[in-house]
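Report on one structure; see the data block that follows.
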Amino acid sequence: MALNRDFIGRVYPPSAPYEVSRVKIREFATAIGDANPMCLDTELARAAGHSDVVAPPTFPIVFCLPSDALIDPELGLNYAMVVHSEQRFEYQRPIVAGDELVSTATITEIRSIARNELITIKTDIVDVHGKLVCTAYNSIVERGGAA
Amino acid sequence: MAATVKYDDVEVGQEIPAADYPVRRVNLVMYAGASGDFNPIHWNERFAKTVGLPDVIAHGMYTMAQGGRFITDWVGDPGAVIDYGVRFSSMVVVPDDDQGTVIRVSGVVKEKLEDKRVVVALTVKSGDSRVLSRAQSVVQLA
């Protein structure tokens, strides 16, 4: 089914603050096989000028997607047919343990590519002071959606 | 920031030696738990086959994370990654045996920017297929 073009430009309400913990950074780093001590050792991270352990670059995927929005029946996305197409993270500063981050997602694009439907979501991730920390760009494709 | 690679020591065209990252089913189970992505195509062979896949496949984000790890291992500090983007071009099929498969990542310094930043382009393969395309990162060097 074609996706509902009325959703282009839709901005979702800001998320509840996501608390970045040392434990979660360690769990995520371990799961991707990343033994970088900056992700695991607070003293070492501080010696390098960070306020605490640093998250691996792809960490925001844990909290930045508006999953509820994507299963909204009005949008018409068949999640069983979804594959990830593109992903990008653009950082203003590293994410560290102790951060409280609020994500605001915007649907920036919906278009057909051959028989598939592509949707792009841009998520602005800000800290408690409202300062931009990272922008995530997520494009997914619904296979056969435009047929 | 504590990048261990110095901007002045790096030249355009410089290669970053390839690294092999084994991936077995257990890694996908761990990644599902850590990321919250429990799509059964990443752990349930029976389900994967019913939706037309050859077998269980790795999360695209798991593969992207291996590229990220390659960059941060090179530069030393995960906080030195300013920008990192990929396109997912092919699946990483992970068989249910003790070997699993291997994701091979290599890199090349593509461009030197201002403020001691460089663009690194990655090649990410599983077997003969290129599993990420347009994989590149802007990294802050020392």
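First to last, the sequence lines map onto chains A and B. Under UniProt numbering, the first residue of the first sequence is numbered 1, with each subsequent residue one higher. Under UniProt numbering, the first residue of the second sequence is numbered 1, with each subsequent residue one higher. All residues carry an ideal CB built from backbone N, CA and C; glycine is no exception.
Quick check on DSSP: helix, strand or coil for residue i?
i	result
B/ARG134	strand
B/VAL29	helix
A/SER67	helix
A/GLU74	coil
B/LYS125	strand
A/ARG111	strand
A/ALA97	coil
A/ALA146	coil
A/ASP124	strand
residue 157 of chain A	No answer is possible for residue 157 of chain A: the residues shown for chain A start at 1 and end at 147.
B/VAL10	coil
A/TYR18	strand
A/ARG10	coil
A/THR58	coil
How would you list, in chain order, the residues of chain A whose beta-carbon sits under 9 Å from the beta-carbon of residue i?
i	result
B/VAL51	ALA80, MET81
Give me the Cβ distance between residue i and residue j, rounded to the nearest whole Å; I'm assuming they're in contact under 8 Å.
i	j	result
A/ILE95	A/CYS39	About 11 Å separates the two Cβ atoms, so there is no contact after all.
B/ALA121	B/LYS110	4 Å
B/LEU132	B/VAL75	Contact flag wrong, Cβ pair sits at about 19 Å.
B/ALA135	B/ASP77	Actually they are not in contact, since the Cβ atoms of B/ALA135 and B/ASP77 sit about 20 Å apart, beyond 8 Å.
A/THR58	B/ALA65	5 Å
B/GLU15	B/VAL119	Not confirmed; about 14 Å, so no contact.
A/ILE125	A/ILE107	Not confirmed; about 16 Å, so no contact.
B/ALA18	B/VAL105	7 Å
A/ASP99	A/VAL20	4 Å
B/VAL94	B/ARG46	Wrong, their Cβ atoms sit about 15 Å apart, outside the cutoff.
A/GLU142	A/GLU117	4 Å
B/VAL51	B/ILE41	6 Å
B/MET61	A/GLN87	7 Å
A/VAL53	A/ASP34	At roughly 12 Å, the Cβ-Cβ gap does not stay under 8 Å, so A/VAL53 and A/ASP34 are not in contact.
A/ILE140	A/VAL62	Not confirmed; about 17 Å, so no contact.
A/ALA47	A/ILE25	A/ALA47 to A/ILE25, Cβ: 17 Å. No contact.
Within 10 Å of its beta-carbon, does residue i have 16 or more other beta-carbons around it, so buried, or fewer, so exposed?
i	result
B/ARG69	buried
A/GLY9	exposed
B/PHE38	exposed
A/GLN92	exposed
A/LEU77	buried
A/HIS129	exposed
B/ALA34	buried
A/ALA80	exposed
B/ASP98	exposed
B/LEU28	buried
B/ILE57	buried
A/PRO66	buried
A/ARG71	In the sequence under discussion, the amino acid at residue 71 of chain A is Ile, which differs from the Arg named in the question. With fewer than 16 other Cβ atoms within 10 Å, it is exposed.
A/ALA29	buried
B/GLY100	buried
B/THR4	exposed
B/PRO22	exposed
A/PRO73	exposed
B/GLY13	exposed
In chain A, which residues lie with their C-beta within 7 Å of the C-beta of residue i?
i	result
B/GLN99	Per Cβ cutoff of 7 Å: no residues; B/GLN99 is ~16 Å from chain A at best.
B/ALA65	ILE32, PRO56, THR58
B/ARG117	Those do not exist, as B/ARG117 stays about 12 Å from chain A at its closest Cβ, beyond 7 Å.
So which residues on chain A does residue i lean against when the C-beta distance must stay under 8 Å?
i	result
B/ARG69	ILE32, GLY33, ASP34, ASN36, PRO56
B/ARG87	SER85, GLU86
B/GLY13	Per Cβ cutoff of 8 Å: no residues; B/GLY13 is ~24 Å from chain A at best.
B/GLY60	VAL83, HIS84, GLN87
Applying a beta-carbon distance threshold of less than 8 Å, which residues of chain B neighbour residue i?
i	result
A/PHE28	ALA34, SER35
A/THR48	The sequence shown places Ala at residue 48 of chain A, not Thr. Going along chain B in sequence order, the residues near A/ALA48 (Cβ under 8 Å) are MET1, ALA2, ASP77, GLY79.
A/VAL62	ALA34, SER35, GLY36
A/GLU109	Within 8 Å Cβ-Cβ: nothing; A/GLU109 doesn't reach chain B, min ~15 Å.
Since residue i meets chain B, which of its residues come closer than 9 Å, beta carbon to beta carbon?
i	result
A/PRO94	MET1, ASP77, PRO78, GLY79, ALA80, VAL81
A/TYR12	Here the premise fails: no neighbours, minimum Cβ distance about 18 Å.
A/GLU90	ILE82, ASP83, TYR84, GLY85, VAL138
Check the Cβ of residue i against every Cβ in chain B and list those closer than 7 Å, keeping chain order.
i	result
A/ALA136	Within 7 Å Cβ-Cβ: nothing; A/ALA136 doesn't reach chain B, min ~10 Å.
Determine whether the Cβ of residue i lies closer than 7 Å to any Cβ atom of chain E.
i	result
A/ARG143	Chain labels in this structure do not include chain E; the protein chains are A and B.
Would you check whether the ligand GDP has a heavy atom nearer than 6 Å to the C-beta of residue i?
i	result
A/LEU101	The ligand GDP is not among the ligands present in this structure, which contains no ligands whatsoever.
Point to revise | alpha helix (DSSP H) runs wholly inside the UniProt domain "MaoC-like" (12-120) of chain B, at least 4 long, in chain order | key: 25-35, 45-50, 60-75
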